[in-house]
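Remarks on the structure that follows.
There are 4 protein chains.
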Amino acid sequence: MRTKQEYIDGLKKMRRNLYFNGGKIDRDDEVQVSALNVMGMTFDEAASPEGKDLCTATSHLTGETINRFCHVHQSPADLHKKQDMTRYLCKKVGGCIQRCMGVDAINAINAVSFEADKLNSGNTEYHQNFLKWLENFQKNDLVGCCAQTDMKGERLKRPADQADPDMYLHVKEKTKEGIVVKGCKLHISEASIADEILVVPTRALGPNEKDYAVAFAVPADHEGLYQVIHPHNSRPRETYQRGFDGGYTDSYLLFEDTFIPWDRVFLCGENDHGGICALLFALFHRHSYSGCKPALGDVLLGLAATAAEYNGIEKTSHVREMFSEIIKVTELGYAAGYTASDFGKPEVYIPGMGRAPYGPGSYIPDSIYANVGRCLTGEAVFHEQEMLCNIAGGFPSTFPYESDITNPELKPILEKYLKRNPNISVDDQIKFWLYFIENTCTGAAGTMNYGNYHGGGSPIMEQIAITSQYDIKERKRLVKELAGIKVK
Amino acid sequence: MRTKQEYIDGLKKMRRNLYFNGGKIDRDDEVQVSALNVMGMTFDEAASPEGKDLCTATSHLTGETINRFCHVHQSPADLHKKQDMTRYLCKKVGGCIQRCMGVDAINAINAVSFEADKLNSGNTEYHQNFLKWLENFQKNDLVGCCAQTDMKGERLKRPADQADPDMYLHVKEKTKEGIVVKGCKLHISEASIADEILVVPTRALGPNEKDYAVAFAVPADHEGLYQVIHPHNSRPRETYQRGFDGGYTDSYLLFEDTFIPWDRVFLCGENDHGGICALLFALFHRHSYSGCKPALGDVLLGLAATAAEYNGIEKTSHVREMFSEIIKVTELGYAAGYTASDFGKPEVYIPGMGRAPYGPGSYIPDSIYANVGRCLTGEAVFHEQEMLCNIAGGFPSTFPYESDITNPELKPILEKYLKRNPNISVDDQIKFWLYFIENTCTGAAGTMNYGNYHGGGSPIMEQIAITSQYDIKERKRLVKELAGIKVK
Amino acid sequence: MRTKQEYIDGLKKMRRNLYFNGGKIDRDDEVQVSALNVMGMTFDEAASPEGKDLCTATSHLTGETINRFCHVHQSPADLHKKQDMTRYLCKKVGGCIQRCMGVDAINAINAVSFEADKLNSGNTEYHQNFLKWLENFQKNDLVGCCAQTDMKGERLKRPADQADPDMYLHVKEKTKEGIVVKGCKLHISEASIADEILVVPTRALGPNEKDYAVAFAVPADHEGLYQVIHPHNSRPRETYQRGFDGGYTDSYLLFEDTFIPWDRVFLCGENDHGGICALLFALFHRHSYSGCKPALGDVLLGLAATAAEYNGIEKTSHVREMFSEIIKVTELGYAAGYTASDFGKPEVYIPGMGRAPYGPGSYIPDSIYANVGRCLTGEAVFHEQEMLCNIAGGFPSTFPYESDITNPELKPILEKYLKRNPNISVDDQIKFWLYFIENTCTGAAGTMNYGNYHGGGSPIMEQIAITSQYDIKERKRLVKELAGIKVK
Amino acid sequence: MRTKQEYIDGLKKMRRNLYFNGGKIDRDDEVQVSALNVMGMTFDEAASPEGKDLCTATSHLTGETINRFCHVHQSPADLHKKQDMTRYLCKKVGGCIQRCMGVDAINAINAVSFEADKLNSGNTEYHQNFLKWLENFQKNDLVGCCAQTDMKGERLKRPADQADPDMYLHVKEKTKEGIVVKGCKLHISEASIADEILVVPTRALGPNEKDYAVAFAVPADHEGLYQVIHPHNSRPRETYQRGFDGGYTDSYLLFEDTFIPWDRVFLCGENDHGGICALLFALFHRHSYSGCKPALGDVLLGLAATAAEYNGIEKTSHVREMFSEIIKVTELGYAAGYTASDFGKPEVYIPGMGRAPYGPGSYIPDSIYANVGRCLTGEAVFHEQEMLCNIAGGFPSTFPYESDITNPELKPILEKYLKRNPNISVDDQIKFWLYFIENTCTGAAGTMNYGNYHGGGSPIMEQIAITSQYDIKERKRLVKELAGIKVK
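Next comes the structure, spelled out in structure tokens:
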């Protein structure tokens, strides 16, 4: 396994294909540093005494100890540990840990490539190619990310019905050596700090949309791939230092007739499997949210409770009700993921067929529990921000700039007034509110809300998953029997 | 184990102390029949091939097979089975199964009596007396209920501060033979069809409230005990028969200087333990709700989905969103209970001390998960009714009486119009709406909402439990560290 | 104008066409008495010094003083008075005043019949016939009700697409003397205590649905009309008397090939006008809700505040927040109606055309304000019940029967315990909770919720009215201009 | 009346007391330009044919035409026009118009200074001094702002109980010439672009807090006054120009033993009047929100509807429900303000006394309606943002920077993909999303939410106003009478 430094050294060698603010940048550009700090934590903690049990696993391919973010889940215990690792690491960085996209994509492709080969009666070697790719990925402790979301064009039209066929990434050409793809994948978190990008379809596909049923892996600096990045960093600090400086970036990934060799292609043309791949990645990713959202809940509660403490209102019933609300969402989200892990099986829901065995035996979390949990935490995002706003009062919205607080002419005056709670040092009060602001009143905080709401699928996507997969018919039967209606 | 008939025969022998509608009634009076049907299911299913695995357990006292409602939980597996038995049985009767009060009280008293003896350094024999009582209870397969809620008087005043000291049940006198108690316990579900009543305190108690710290068991027809009952039955049917005829009753239990012999007293004067007993019964009971509320969710979903089917609107997105909401509450409530079971330990939260080992080793569900689950399902009650109302339309509120539908002059006309969905037989449509009405627009439905909201503790009680037991300080520490504040 | 007694004497003379509980009943049957008490208030108050200013108006036909419930609104001041009269009377009876259906139907038909005649270039005399009917109606101070809601069959299918064409009332035959209609109108409040029934269409209609575009008036005991009633009364009291004994009834109105003479037909075949008639009645009726729902809000607040007072929790912040919520809904509902009145004009929204002058100059409230107000109060219904439940605690759900409280054996014991608040007489506490129960935990309360939610159109109907009538395009233009987009 | 340019020229002459980002800035510094654009609109529109009717008034002091923002309301019609002017201007700038603070403070002080003189039996000349100040203010068309919010320290402690007495601004010394004050007023919108600052108390005050009962006016560049500003601007654009470039600033106002001459002091030591002044300014300001929040609702609806149009989902029922929700809040907020205007009187609610005549006869909006409206719109803020997020999808959170879109290497590729809706020019789509982002995902948007939530008083402040001023007792009386309880 690598160290954070080895990981960064690897990135430095990559082709310059990151575009930002009108030009190109290096992968270790200062605008990327905060995000690298976050990703670095996944290396540090795999080596730390406290973190290594959660953050490593035993490869089912090689038997070697690997980073859990490179692992294919072999048991409910693996699912539990993945959930707990995610909560653990997200708390360390105070936000998204960014590396779960990769492990979720690996697990989805692992199952789908296996089944696609079965469909093709051995005429394809997707799964073997994938396992070969995976062994290298595990051995070199690479960082993977997942490119799922397409540009989508007009939202109510299917891929095949768009005015511009490139609104969803698709295969333009197949040759003996490989395939040529075109399209734009967007909102791709951590792509600019990843080693490998795993591309999967974004939705269910019809028989006339086989070209859109494609999954593959490419190095993040692959020829023919442009990354336009959008960083989400906090304003740099000079005097009042944070405990941890984290940030994140998203990329538009522009595939401009990009060539992918066959040994990196894991699905190509199997439209039903393409749909299941989309659904399966989403399922694994919603399970990841059962780790990260509880961690965000821990941070939110800490923000709320410290704001209340500093404002001197921690004991009021009104405020404690809000604490309870945050805890409720946090721990219900965790319990849903816990139950999804415990009920995990090598099975998946297949539209029209119900749950059925799927893949080579690796473990998949229960879909209903993964979805109800993610739905709850997604729907809570803006209400949680409202509670922070309620407890904080207007303070965060007009707080002086760091440079004004340290202006010698103003410092004594401002420090006097910013020391609102006489029992807390003014420096601590300043540090706290600056951190609070970064979680509530900045551009990064605004985009974080969008990510927390839509990431892994908007609440409406989980609602659709829930109602299409739940056995509603059985509940109707139950009620009809209770009502005295004969049910065949 | 007994049969339903043996159970009813036992009740028939009891002293006539049930008061209803201006007079006294027998325990098998017609007003009690629907409730007896519900309770009977707990006997039937303990003997049925399908139900016996969930509904029986092995006594840790005798090693014999007993009804699980008489059992002290010995493992997380027992907690899982208790949750699943509750959901299973509640679905059978389409509502509350009524017998959980007993098992929850047993488990609370089992732990508290043990600890109280420890406090008293062997000068009391609460726990031995309890075990002796329990052995008989298990052997005779008795139905227990729990009397917790007191009249409470002015809600913001403590027991010792009430104008009338009897507003909370308390010990008036102690003799060599036993104690004399006075007070009124109300909202006591199934007391009028129970064999035994377990009395526990209703709240935390101070050193000046030792007389209120009392727990004991009495036969439900005990001398000096009056039961004023309030039945909640559906209107009798003549033509359109239900699939199951269930109902329930609540009692006011009036203890008028009632004598309790010492071998039935399990706590008397240990005020801290009295408070924990109240809290512990509530905890076990909230765990029961993680079984019954998902079952009610199953029924609600069945009602909603069948109403939508019969109204021809089952596919609209608006309606499916409501299905999703019901499923979400149902399965999050279940997941919370599942996690509480899995995290169960012989431990309890003790105010001011945090979680600590408690009792003789029997298992207690995790309090945070039990509370967040119950809080969610409690808060959902009226919104769930709103969704049913939304989907049903006004139909249930003015549906003709059964006797008008069968009036020969009206029958052909009304049947024509009540056959709104041409694909469903009119009899089925009538049966369904009559059943729907009984779950939404009757006095019984109205009181059911109150029970589902307040039973096991109102949402505000769970909020208090959550915020007082959760480690908020740790979340503040986390945020302060992230913010760069030194935390000692 | 008539007295309550004269009104009842009139009803007694009517043909026996009320069906209830398997037989037929008289109009002054005891099951109708509570509803007659409510309607009687509209006569009493038109004659009372306090009420007469609000409850009477000057007929624009005759210049005579008439009951305002028989009046066609001539000005914004009339609209204000109608709103305030409604609130005033609903407070007197503690619920729905029942007579607004008539006045709302009159005002809708007045405008639509005028326009239909215009369309027909004088070949019809709907409006003249209506005015003749109205003059008699005003002169004899008759009680009108409105029959709008049809059986509707499968909800997503239009009238013309139903398997059974009678799922919406329609014209089966036209003769020189009149028309023959068939269909079932349901949920028709107060039809069993009305003198006249005004029938209007229930929805927008296409050119192939002209037979469904019919409006007319019939005496409530008309030949060929069956009324199947569903009363909503409170349990009779013997000892603890209410201050006012009110109730209500709904009817299924079965039109079995019923003949209507032409001079009572006000619309017949003009499908566009049929749709506007439906919309216009709904609009006037939503305006009525801006009077009655604030009155119900007054009652709800009184219930909540008295429950809090009797429970001794009136000062807690938690409870006061709920008071605030009830007041907010109440007064926003009132303000919406007030603004709708003040912005009233002889105009209506016509689909595809926007607002345009309509009718003979009588006043129509502003549709947007009438709709947002009704939508708010409709959506609040179940949450308001939740707040009452929260404040009351479980008390109302298991309260002893009156006959048990007065049972001499129990009376002293129960009175001791029911006197929970030592500062209030026990009789007052008992009376209050009995009244509280009738508003929350009875069948009548359950159906009241359905009426308060769906009456005048479910929230979703108001949402549709709002989004189809509001100038959304103008808001898009505004934003596009702010964004720098050229808008043609 | 002045022009925008004359107004800016006036600001340029002021003393440099604005501190920003470590130094001092001029009042026409580029960081202030966007805010000056907003304020400039109040001058432009007072002179425009379309705007002048709403934006001007006739001075009751001089009879001259003045800007309405300098006016004391003389009638309900004035209140209506103030509400409508606010909505009109806020739509012009797409946000807060910033000048209402001044007019609201003027109206509050006008009434309170009059009453304080009465209390002091003519020994003070607050009102005369105020009118003299006002005449000059009107004549020179000055921009006023209001400094109300204090630092507050520990929130549950009163001013007199704070560890640091300066946590609320107060009088330190009185001399023959004037008073010396100390304290920090924060969140003072537009103070850095105002001519005059009106200082008023922030809360109710006890007899031991007379020093905190002080109101006065100072020029914004007054000696002894420091302004630390916090601007909220959008990122500058180079290619894709906005239609209007607006922004705003807030100031910390540091009064460091600042001297105020008596002729600018309008209250000094009358603690009851200090509390009413706080309450009265809040009331006028909540009435202002009945103009600005509907305008923001217009913008929100435009954002939502255009996002839906560009995403191709404008017709889905799910989206239309959200439009309806936005409209409902918008127009209920407007209706509440409309009713508050119409019910306006020269009266105010006085704690312990109820509503009573107050001030010299100028008009005050009805408090209940002003409060329920503001409460609704405040509570809606985060839910409205959630709806925008729901409709927009993730798009706004990772949108490329302007500089990347115009990067020649990327431009053709990005323009292809950003043209998601084939019917809309890509430039318009880009402009729209950039504007959308500025309203949702930027630091300015985050602080705007805080302002919209807390400005004019947080929802909890309105709840307190509502429950303390509403006649709850009367509703209890009503219910008790209905229940049959004798009320004295």
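Residue numbers (the numbering used here), protein chains in the order written: chain A, -6 to 481; chain B, -6 to 481; chain C, -6 to 481; chain D, -6 to 481.
Think of the CB as a built atom: it goes at the ideal place given N, C-alpha and C, for glycine as much as any other residue.
So who's on the other strand from residue i, going by DSSP bridges?
i, result
"leucine 11/C", "Ile18/C and Gln220/C"
"leucine 247/D", "Cys177/D and Tyr219/D"
"alanine 50/A", "Ile59/A"
Below 8 Å on C-beta distance, what does residue i contact in chain B?
i, result
"phenylalanine 375/C", "Phe375, His376, Gln378, Glu379 and Cys382"
So is residue i buried or exposed if we call it buried at 16+ other beta carbons inside 10 Å?
i, result
"arginine 61/A", "buried"
"methionine 94/D", "buried"
"lysine 5/A", "exposed"
"glycine 345/B", "exposed"
"aspartate 359/A", "buried"
With a Cβ-Cβ cutoff of 7 Å, do residue i and residue j count as a contact?
i, j, result
"leucine 47/C", "glycine 337/C", "no"
"alanine 438/C", "isoleucine 384/C", "no"
"valine 173/A", "isoleucine 190/A", "no"
"isoleucine 59/C", "glutamine 131/C", "yes"
"isoleucine 102/A", "alanine 208/A", "yes"
"alanine 156/C", "proline 415/B", "yes"
"proline 350/A", "cysteine 270/A", "no"
"threonine 299/C", "lysine 167/D", "no"
"tyrosine 205/A", "proline 287/A", "no"
"alanine 482/D", "histidine 266/D", "Any answer about residue 482/D is impossible in this case: the structure gives chain D only from -6 up to 481."
"lysine 165/A", "glycine 262/A", "no"
Residue i touches chain B at which residues, Cβ-Cβ below 9 Å?
i, result
"serine 317/D", "Simply none; closest approach about 12 Å."
By the criterion of Cβ-Cβ separation under 7 Å, what are the contact partners of residue i in chain A?
i, result
"arginine 196/B", "In chain order: nothing, as chain A lies at least about 17 Å away."
"alanine 329/B", "Leu325 and Ala328"
Cβ closer than 7 Å: which chain C residues qualify as neighbours of residue i?
i, result
"phenylalanine 299/D", "Here residue 299/D turns out to be threonine, not phenylalanine, going by the sequence shown. Ordered by position in chain C, the residues that pass the 7 Å Cβ test against threonine 299/D are Lys469, Val472 and Lys473."
"glutamine 156/B", "It should be noted that the sequence gives alanine, not glutamine, for residue 156/B. Under the 7 Å cutoff, chain C gives Pro415."
Would you please state the rounded distance, in angstroms, between the beta carbons of residue i and residue j? I believe it to be under 8 Å.
i, j, result
"lysine 424/A", "tyrosine 233/A", "5 Å"
"serine 390/D", "asparagine 14/A", "Their Cβ separation, rounded to whole angstroms, is 17 Å, which puts serine 390/D and asparagine 14/A out of contact at 8 Å."
"alanine 329/D", "leucine 325/C", "6 Å"
Since residue i meets chain A, which of its residues come closer than 8 Å, beta carbon to beta carbon?
i, result
"serine 451/D", "Asn383 and Gly386"
For residue i, return the contacting residues in chain B, with the cut-off set at a CB-CB distance below 7 Å.
i, result
"alanine 476/A", "Arg235, Gly236, Lys424, Phe425 and Tyr428"
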